[in-house]
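Peer 1:
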Amino acid sequence: MDFWGHLRTINHHKLLVMRHCFRVGLYRQGLTHDLSKYAPVEFFNGVRYFQGTRSPNDAERQAKGYSAAWLHHKGRNKHHMEYWIDYNSQCGGKMAGIEMPVRYVAEMFCDRVAASKTYLKDAYTDVSPWEYYDANKSHYLLHPNTRTLLEQLLQLLRDQGEQAAFTYIRRQLLGKK
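Structural data, given as structure tokens:
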């Protein structure tokens with residue numbers, strides 16, 4: 006258990022996401038990003054399962070078979086693809102990804118970049134968020150348009166760097182000056 010380590014990690018991550026969101030013009034989302042991480046169910050499970058190199062939700066899931074912190078978190082934060090999963094009559098009543106509004110895809114991108122920086126520290130490169138996504142994408146339930154957009158943004162970061170990716174999101178995707 007590491008109260009201060011977990012608090013430092015979530016504060017660091019939240020600050021990075023805020024900076025990234027500000028760069029693309031998502032000021033309110035930057036300020037309010039991941040506030041649920043301070044709720045008792047998320048925070049104290051994070052302290053209990055803290056390792057500093059990966060999400061404590063993974064360790065909680067390993068220990069208990071599920072993560073109460075994650076179940077709480079994903080239902081309150083629209084920048085998570087899991088928030089946008091529902092039964093879909095067009096898919097025979099099966100669970101499917103619902104198309105995410107662009108501003109939440111942009112926040113999800115900022116979140117993925119910040120998470121990679123937080124956990125990889127000095128080993129982070131602009132390729133890191135793509136590699137994490139690519140290694141795990143087979144089990145993601147994403148609407149095809151959301152998947153295409155997220156992959157486009159992660160590949161832009163991978164191939165052209167942070168400045169190009171953030172500028173594209175701000176100007177082209179969100180239409181901000």
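Numbered as in our numbering, the sequence shown ends at 182 without a single skipped number. No residue lacks a Cβ here, since even glycine has one placed at the ideal position from N, Cα and C.
When DSSP labels each residue in this structure, what does residue 102 get in the three-state scheme?
Peer 2: It is a strand residue.
Peer 1: When the distance is taken between beta carbons, is residue 122 closer than 7 angstroms to residue 21?
Peer 2: Contact flag set, yes.
Peer 1: Mind pulling the alpha helix (DSSP H) runs of 4 or more residues that sit fully within the region 15 to 41?
Peer 2: Correct list: 32 to 37.
Peer 1: Roughly how many angstroms separate the alpha carbons of residue 136 and residue 129, rounded to a whole number?
Peer 2: About 11 angstroms.
Peer 1: When DSSP builds the beta bridges, which residues end up paired with residue 93?
Peer 2: BP columns for residue 93 point to 99.
Peer 1: Any idea if residue 9 is buried or exposed, counting beta-carbon neighbours within 10 angstroms, 16 or more meaning buried?
Peer 2: The residue is exposed, with fewer than 16 neighbouring Cβ atoms inside 10 Å.
Peer 1: Contact check, residue 41 vs residue 77 under 8 angstroms by CB: the rounded distance?
Peer 2: Yes, residue 41 and residue 77 are in contact; Cβ-Cβ is about 7 angstroms, under 8 angstroms.
Peer 1: For residue 97 and residue 155, what's the separation of their Cα atoms in angstroms?
Peer 2: So the alpha carbons of these two residues sit roughly 25 angstroms apart.
Peer 1: By Cβ distance below 7 angstroms, which residues in the same chain neighbour residue 104 in space, the five residues on each side in sequence not counted?
Peer 2: Result list for residue 104: 148, 150 and 151, in chain order.
Peer 1: From residue 79 to residue 14, what does the alpha carbon distance come to, in whole angstroms?
Peer 2: Approximately 19 angstroms between the Cα atoms of the pair.
Peer 1: Here's the rule: buried if 16 or more other CB atoms are within 10 angstroms of the residue's CB, otherwise exposed. What is residue 62?
Peer 2: So residue 62 counts as buried.
Peer 1: To which residues of the same chain is residue 102 closer than 7 angstroms at the C-beta, ignoring the five residues directly before and after it?
Peer 2: Excluding sequence neighbours, residue 102 sits near 86, 89, 90, 146, 147, 148 and 151.
Peer 1: Have a look at residue 119 and residue 25 and give me their C-alpha separation to the nearest angstrom.
Peer 2: Spanning the two alpha carbons is a distance of roughly 8 angstroms.
Peer 1: Drop a sphere of 10 angstroms on the beta-carbon of residue 60, count the other beta-carbons inside from all chains shown, and report buried for 16 or more, exposed for fewer.
Peer 2: Buried, since its Cβ has 16 or more Cβ neighbours within 10 Å.
Peer 1: Taking Cβ positions, are residue 213 and residue 166 nearer each other than 7 angstroms?
Peer 2: The structure shown does not extend to residue 213, since the chain spans only 6 to 182, so no value can be given for it.
Peer 1: Here's the rule I'm using: 16 or more other beta-carbon atoms within 10 Å means buried, otherwise exposed. How should residue 54 be labelled?
Peer 2: It counts as buried.
Peer 1: Cβ of residue 189 within 7 angstroms of Cβ of residue 114?
Peer 2: Here the chain has residues from 6 to 182 only, and residue 189 is not among them.
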